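Structure first, commentary second.
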Amino acid sequence: MFTSIDLNKLINLFKYDQTDPLLFNSSMFLFLFLGLLFLYQLLSKSQRGRIYLLIAFSMFFYYKSSGFYFLLLVFSAVFNFFMGKWIFISQSTLRKRLILISSIIFNIGLLVYFKYTNFFIQIINSFGSAKLNPLDIFLPIGISFFTFKALSYVLDLYLEKMEPERNFPNFLLYISFFPNILAGPIDRASRFLPQLSAPLIIDDAFVGKGVVLIISGLFKKAIIADYISTNFVDRIFDLPTRFTGAENLLGVYAYALQIYCDFSGYSDIAIGIALLLGFRLMENFDSPYQASSVAEFWRRWHISLSSWLLDYVFKPLQMKFRDLRTLGNAMALVVTFVLCGLWHGASWAFLFWGALHGFFMAFALFTKKPKNYIYAKLGIKNSKLLRYFQTFVTFNLIAFAWVFFRANSFETALQVFTQIFTFFHASVFLQFVPGYPVVTAMIILGFILHFVPKSWEIRFQEYFSRTPLIGKAIVLAAMIWLVIQVRSAEIQPFIYFQF
Amino acid sequence: MISEKLKNTIISSLDIDDFDLKDDTTADEVPGWDSLSHVNVILDIEKEFKIRFKSIEVLKLKNIGDLQKLVDSKLNSTN
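Protein sequence lines correspond, in order, to chains A and B.
Just so you know, we're using numbering that gives the first Met the number 0 here: the first sequence kicks off at 0 and counts up by one.
Just so you know, we're using numbering that gives the first Met the number 0 here: the second sequence kicks off at 0 and counts up by one.
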């Protein structure tokens with residue numbers, strides 16, 4: 000009897016459970032991934048065998064979080080595979096354009112249906128007198144990511160940046176590749192597909208870099224981000240009025256660190272896992288808070304998305320509006336970033352967050368000439384001091400915008416700023432440090448690591464790649480142990496500070 | 000080969016000192032030529048050569064060699 004119960008439990012572990020996707024920092028994933036690596040090694044002689052194994056694993060991975068919607072991946076792959084081919088063989092520009100437009104309508108239509116239908120219903124309800132009921136639509140996980148991957152393929156074929164893939168399983172793997180299906184990077188077909196036709200070689204450098212990325216990703220996501228969010232940031236954003244302005248300001252900065260560590264940490268793990276399988280995914284984060292302008296921030300933050308928007312939304316708009324010069328550029332920026340905001344989620348808050356970024360950059364465009372004139376007059380153009388100042392201002396603008404991204408409502412976001420500007424109580428800083436020693440230490444450590452020069456990072460990676468396998472395994476095991484410790488640590492009690 | 004006229008137009012549009020532009024040079028290798036200044040470079044070329052590009056033609060460009068070819072083809076078709 001016991002065995003039958005255990006068997007059921009075991010089967011359930013492998014079944015679709017919407018609340019329990021296979022996140023990389025779960026022990027279930029670790030266990031399955033080690034199994035996958037073992038089979039992958041057995042198939043080292045068969046390139047095709049490896050690709051089929053990865054497709055099967057990717058389908059299971061998706062099934063685990065979204066059930067039979069994994070068929071959507073297959074459907075999207077079939078459709079875009081043939082549309083891409085059709086664009087390529089069509090002779091007339093008009094026909095190419097018509098095929099492109101229909102594939103865009105199909106892909107975006109799918110995304111809009113699953114992700115935005117209820118948002119539109121909400122908008123219609125707020126204007127009209129007729130009240131529509133929200134629909135019960137399941138949101139297939141990662142749909143924003145794989146739709147954009149698929150679109151990059153047809154768009155690049157239209158722009159003649161690549162040739163179509165001949166082999167359907169290769170294309171299916173590109174769409175469904177499990178390391179980046181849930182949260183990116185949104186890899187480009189033109190970078191990924193050639194890797195499937197070349198011999199798969201996993202050398203020491205791949206393994207070394209992969210393990211470093213997994214370790215640093217776990218540290219950022221499962222230690223820094225998870226710890227400071229549960230023990231500090233969430234409390235501030237749940238009820239900003241309960242805290243002084245000083246705590247709110249710290250909360251805003253800590254959230255900027257948390258979202259970076261969370262997202263870039265997850266990306267690092269995804270890139271690391273892909274490296275262990277012999278694939279290079281594109282870089283997704285490059286110490287974004289080191290940026291000295293909002294435009295530079297977007298060249299360093301979620302690079303796979305920002306470069307996607309740059310190539311397929313901003314550049315075409317910019318060309319269309321080019322006769323308006325700076326105004327045209329500014330309009331293209333605002334439209335692109337409003338869409339960027341909406342891509343993050345179907346809500347006014349995301350739209351507003353995106354629009355803010357668009358306005359920051361548009362403002363910078365219009366003030367570029369006078370600013371340069373003033374800097375030149377003051378003799379500080381290209382000086383380090385100016386760069387530090389600009390980095391500080393940029394960080395604060397971005398942290399400001401994050402408040403709208405994170406807050407549960409627009410009112411909550413405004414409360415955060417009201418507390419900061421009218422109820423600051425700087426003395427609370429001094430009590431904060433001894434009150435929350437671990438949170439403080441993690442915030443400081445997180446920011447220090449963020450501002451470490453890139454050359455140090457590369458040197459560390461190279462050094463780590465050269466350590467023997469056993470050394471790497473020990474460090475990885477230690478990190479996993481640390482993650483478990485942090486996860487099972489008791490939540491820090493809430494403290495009321497005196498002021 | 001990149002013509003002197005094209006080279007000078009690009010360099011003055013970006014407001015930079017001399018830069019060696021070759022056929023396979025890409026925009027991101029040239030200082031100051033980023034996604035925002037790109038449109039000004041294109042506009043200045045159109046004005047200097049009295050030509051008009053289609054958006055798609057500009058989007059397809061991969062390097063300065065492609066740009067030179069596009070400019071040449073426009074000049075030939077207007078002659």
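Glycine is no exception: its CB is placed at the ideal position from the N, C-alpha and C atoms.
Keep in mind the model is a prediction, meaning the values are calculated, not measured.
Neighbour flag for residue i against chain B, beta carbons, 8 angstroms
i               : result
Q317 of chain A : yes
R321 of chain A : yes
F365 of chain A : no
N328 of chain A : yes
K314 of chain A : yes
L309 of chain A : yes
E159 of chain A : yes
A294 of chain A : yes
D19 of chain A  : no
Limits of the unbroken alpha helix (DSSP H) element including residue i
i               : result
A269 of chain A : 244-275
Q389 of chain A : 383-405
F360 of chain A : Note that residue 360 of chain A is Met in the sequence shown here, rather than Phe. Per DSSP, M360 of chain A belongs to the alpha helix (DSSP H) from 347-365.
Q460 of chain A : 453-465
S292 of chain A : First-last for S292 of chain A: undefined, no H or E at that position.
I419 of chain A : 409-421
I98 of chain A  : 92-110
W307 of chain A : 302-308
Q194 of chain A : 188-196
S426 of chain A : No alpha helix (DSSP H) holds S426 of chain A; DSSP gives it neither H nor E.
Length of the line joining the Cα atoms of residue i and residue j
i               : j               : result
F59 of chain A  : L341 of chain A : 29 angstroms
G335 of chain A : N328 of chain A : In the sequence as displayed, the identity of residue 335 of chain A is Thr instead of Gly. Computed Cα separation, rounded: 11 angstroms.
M0 of chain A   : F13 of chain A  : Residue confidence is low: M0 of chain A scores 48 on pLDDT, short of 50, so the model does not pin down where it sits. Its coordinate-derived value is still stated next. In a straight line, the C-alpha of M0 of chain A is about 21 angstroms away from that of F13 of chain A.
L38 of chain A  : A55 of chain A  : 12 angstroms
M441 of chain A : I223 of chain A : 6 angstroms
F365 of chain A : G277 of chain A : 46 angstroms
K383 of chain A : I373 of chain A : 16 angstroms
F420 of chain A : G244 of chain A : 7 angstroms
T466 of chain A : F205 of chain A : 13 angstroms
D261 of chain A : A221 of chain A : 8 angstroms
F423 of chain A : G353 of chain A : 28 angstroms
I227 of chain A : Q257 of chain A : 7 angstroms
Three-state class that DSSP yields for residue i in the structure shown
i               : result
L66 of chain B  : helix
M0 of chain A   : Unreliable placement is indicated for M0 of chain A, whose pLDDT of 48 sits below 50; the coordinate value is still reported in the next sentence. M0 of chain A: coil per DSSP, three-state reduction.
A472 of chain A : helix
F67 of chain A  : helix
K130 of chain A : coil
V437 of chain A : helix
M161 of chain A : coil
V232 of chain A : helix
P168 of chain A : helix
N117 of chain A : helix
T335 of chain A : helix
R279 of chain A : coil
N0 of chain B   : The sequence given here places Met at residue 0 of chain B; Asn does not occur at that position. Correct three-state label for M0 of chain B: coil.
G445 of chain A : helix
H343 of chain A : helix
S34 of chain B  : coil
Closer than 8 angstroms to chain A by CB, residue i
i              : result
S76 of chain B : no
K4 of chain B  : no
V29 of chain B : no
K59 of chain B : yes
S34 of chain B : yes
Q67 of chain B : no
V70 of chain B : no
S54 of chain B : yes
V38 of chain B : yes
CB contact flag (residue i, residue j, <8 angstroms)
i               : j               : result
A188 of chain A : M161 of chain A : yes
F349 of chain A : F404 of chain A : yes
T63 of chain B  : L35 of chain B  : The residue asked about is misnamed: residue 63 of chain B is Ile in this sequence, not Thr. No, the pair does not count as a contact, with Cβ atoms beyond the cut-off.
L42 of chain B  : R321 of chain A : yes
A149 of chain A : Y252 of chain A : no
F313 of chain A : A290 of chain A : no
P178 of chain A : M281 of chain A : no
W307 of chain A : S151 of chain A : yes
V40 of chain B  : I9 of chain B   : yes
M475 of chain A : I272 of chain A : It is worth fixing the name first, because residue 475 of chain A is Leu in this sequence and not Met. No, Cβ-Cβ distance for L475 of chain A and I272 of chain A is not below 8 angstroms.
Q414 of chain A : T240 of chain A : yes
L158 of chain A : K68 of chain B  : no
K95 of chain A  : S89 of chain A  : yes
F118 of chain A : L138 of chain A : no
G31 of chain B  : L5 of chain B   : no
G209 of chain A : L275 of chain A : yes
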